[in-house]
Amino acid sequence: MVSDSALAPARARCPQCGTELASSVLACPGCGRLVYADDLKRLAADAEAFVRAGNPSGALASWRRALELIPPATRQHQAVAARLEALSREVQAGEIAARTPERSHPSRRPAWARGVGLVGGIGLVVWKFKFVLGFLLTKGKLLVGGLTKAGTLFSMVLSLGVYWKLWGWKLAAGLIGAMYVHEMGHVAALRRLGIKADAPMFVPGLGAFVRMRQYPANPSENARVGLAGPIWGLGATLACAGLHLATHQPAWAAIARVSAWLNLFNLLPVWQLDGARGFHALSRRQRWIAALIIASMWFLTAEGLLVLLLIAAVGQAWLGRAPARGDRRALVEFAVLVIALAALTALPVPTAGP
34 MVSDSALAPA
44 RARCPQCGTE
54 LASSVLACPG
64 CGRLVYADDL
74 KRLAADAEAF
84 VRAGNPSGAL
94 ASWRRALELI
104 PPATRQHQAV
114 AARLEALSRE
124 VQAGEIAART
134 PERSHPSRRP
144 AWARGVGLVG
154 GIGLVVWKFK
164 FVLGFLLTKG
174 KLLVGGLTKA
184 GTLFSMVLSL
194 GVYWKLWGWK
204 LAAGLIGAMY
214 VHEMGHVAAL
224 RRLGIKADAP
234 MFVPGLGAFV
244 RMRQYPANPS
254 ENARVGLAGP
264 IWGLGATLAC
274 AGLHLATHQP
284 AWAAIARVSA
294 WLNLFNLLPV
304 WQLDGARGFH
314 ALSRRQRWIA
324 ALIIASMWFL
334 TAEGLLVLLL
344 IAAVGQAWLG
354 RAPARGDRRA
364 LVEFAVLVIA
374 LAALTALPVP
384 TAGP
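In terms of the working numbering, the sequence shown opens at residue 34 and continues consecutively.
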């Protein structure tokens with residue numbers, strides 16, 4: 034399979050018409066020949082080989098690299114972009130089918146999860162979230178592999194030292210672990226969609242981030258990448274809450290509560306936070322539904338952070354640009370995350386005994 038290093042450099046002269054080429058051009062200004070024509074053929078062949086091998090993520094990565102080598106205002110760019118978007122839809126549909134085989138057999142779904150519209154979708158996703166911890170455990174290889182990156186490990190240790198000094202080693206270690214799981218959720222989604230990104234980096238006092246080197250092709254991909262972090266973060270939070278119930282150690286309850294708050298904060302639909310990526314895929318009507326769910330959870334939990342979420346959501350619903358047709362899955366995931374994380378921020382933290 035072709036790698037980035039295998040791509041040919043820009044030619045000094047066009048082999049077809051002899052026109053001198055600048056190092057940054059993608060097409061000959063004289064005859065229009067694509068500078069990386071041979072590499073594009075190899076990338077297309079690689080993509081097809083990945084599809085035949087049952088590796089759509091590899092195919093997506095090849096098509097994304099090919100798109101970078103084609104001038105935007107060309108029919109070739111449009112054709113590859115259309116191929117990329119169609120394959121992305123298939124990958125996302127495959128994820129849903131893999132996680133919810135009951136869709137084709139309604140009788141297998143829980144009775145309370147049957148139905149139509151948002152309520153039925155939320156019921157199904159809530160029922161599925163009981164498998165989040167098991168899902169995370171199956172991703173152990175990815176989680177361990179992320180720690181082999183020097184930048185990730187060094188910045189993690191640095192942040193651990195800062196938080197340790199502020200709150201003690203137990204809360205510091207649990208908080209770093211929860212943030213790491215959150216960021217690896219983004220990494221998993223990016224890999225699944227064939228999007229290049231750097232390893233997670235920690236910034237003491239500011240959390241952690243994953244920098245993308247390519248960008249999602251459409252709002253639905255953006256929502257998958259953005260909401261994957263809080264989904265994995267919810268799994269880490271539930272794991273800590275479960276450990277508290279099993280051990281009765283106050284530290285686990287404190288970690289679960291702080292983790293829930295941090296993941297809920299990331300759902301703010303502003304700037305480059307995860308909630309903004311999710312909201313990009315929501316229609317105006319869906320944004321108002323999301324705002325109503327946030328308001329309901331604020332009424333039930335009195336969590337002050339939800340007021341900020343509500344203000345931002347109303348602003349996006351009222352003034353923000355929204356697609357005519359929204360992504361129902363993004364709405365369901367956003368709604369479930371708000372409900373679950375808001376409830377977990379109310380988790381009581383017992384005081385440690387003498």
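Note that the Cβ used here is the ideal one computed from N, Cα and C, for glycine as well. Note that this is a predicted model, so its numbers are computed, not measured.
| query | Are the Cβ atoms of Leu54 and Cys61 separated by less than 8 Å? | reply | Taking the first residue of the sequence shown as 1, we reach residue 54 at position 21. Taking the first residue of the sequence shown as 1, we reach residue 61 at position 28. With respect to the 8 Å criterion, Leu54 and Cys61 are classified as neighbours on the basis of their beta carbons.
| said: For Ala376, which residues in the same chain have their Cβ closer than 7 Å to its Cβ, ignoring the five residues on either side in sequence? | reply: What you label residue 376 is simply residue 343 of the sequence shown in a count that begins at 1. In its chain, beyond the 5 residues on either side, Thr334 have a beta carbon closer than 7 Å to the beta carbon of Ala376.
| task | Would you list the residues sitting across from Ala94 in a DSSP beta bridge? | result | The residue you call residue 94 lines up with position 61 of the sequence shown. Looking at the DSSP output, Ala94 sits in no beta bridge, so it has no partner there.
| task | For Leu301, name the three-state secondary structure that DSSP assigns. | result | Within the sequence shown, numbered from 1, the residue matching residue 301 stands at position 268. Coil at Leu301, not helix or strand.
| Cα-Cα separation between Val291 and Gly238, rounded to whole angstroms | Here residue 291 refers to the residue found at position 258 when the sequence shown is read from its first residue. Here residue 238 refers to the residue found at position 205 when the sequence shown is read from its first residue. The C-alpha of Val291 lies about 14 Å from the C-alpha of Gly238.
| request: Rounded to whole angstroms, what's the CA-CA distance from Ala78 to Val365? Just pull it up for me. | output: Residue 78 sits at position 45 when you count from the first residue of the sequence shown. Residue 365 sits at position 332 when you count from the first residue of the sequence shown. Computed Cα separation, rounded: 37 Å.
| task | Can you tell me the Cβ-Cβ gap for Ser90 and Arg224, rounded? I've got them flagged as a contact below 8 Å. | result | Position 57 of the sequence shown, counting from 1, holds the residue named residue 90. Position 191 of the sequence shown, counting from 1, holds the residue named residue 224. About 6 Å separates the beta carbons of Ser90 and Arg224, which is inside the 8 Å limit, making them a contact pair.
| request: Name, in chain order, the residues that DSSP records as bridge partners for Met217. | output: By 1-based counting over the sequence shown, the position of residue 217 is 184. The secondary-structure analysis by DSSP pairs Met217 with nothing; it has no beta-bridge partner.
| message | Please state whether the Cβ-Cβ distance between Gln305 and Arg97 is less than 8 Å. | response | As a working note, residue 305 is residue 272 in the sequence shown. As a working note, residue 97 is residue 64 in the sequence shown. No, Cβ-Cβ distance for Gln305 and Arg97 is not below 8 Å.
| Paired residues, beta bridge with Ala390 - DSSP | Any question about residue 390 goes unanswered here, given that the chain covers just 34 to 387.
| Is it true that the CB of Val243 sits closer than 8 Å to the CB of Glu216? | Taking the sequence shown and counting its residues from 1, the one referred to as residue 216 is at position 183. Taking the sequence shown and counting its residues from 1, the one referred to as residue 243 is at position 210. Going by C-beta atoms, Glu216 is nearer than 8 Å to Val243.
| message | Is it the case that the stretch 339-355 contacts the stretch 311-318, given that we only count it when at least three CB pairs across the two stretches are under 8 Å? | response | Between the stretch 311-318 and the stretch 339-355 there are three or more inter-stretch CB-CB distances shorter than 8 Å, so the stretches are counted as touching.
| task | Between the Cα of Glu123 and those of Ala92, Lys203 and Val214, spot the shortest distance and give me the residue it belongs to. | result | For the purposes of this step, residue 123 is taken as residue 90 along the sequence shown, with counting starting at 1. With distances taken between Cα atoms, Glu123 lies closest to Ala92.
| task | Return the chain-ordered ranges of every alpha helix (DSSP H) run that is complete within the stretch 331-357 and spans a minimum of 4 residues. | result | Counting whole runs of 4 or more residues, the stretch 331-357 contains the alpha helix (DSSP H) stretches 338-351.
| field | Nearest-angstrom Cα separation, counted from Gln125 out to His219 | value | Taking the sequence shown and counting its residues from 1, one reaches residue 219 at position 186. Taking the sequence shown and counting its residues from 1, one reaches residue 125 at position 92. The alpha-carbon separation between His219 and Gln125 amounts to approximately 15 Å.
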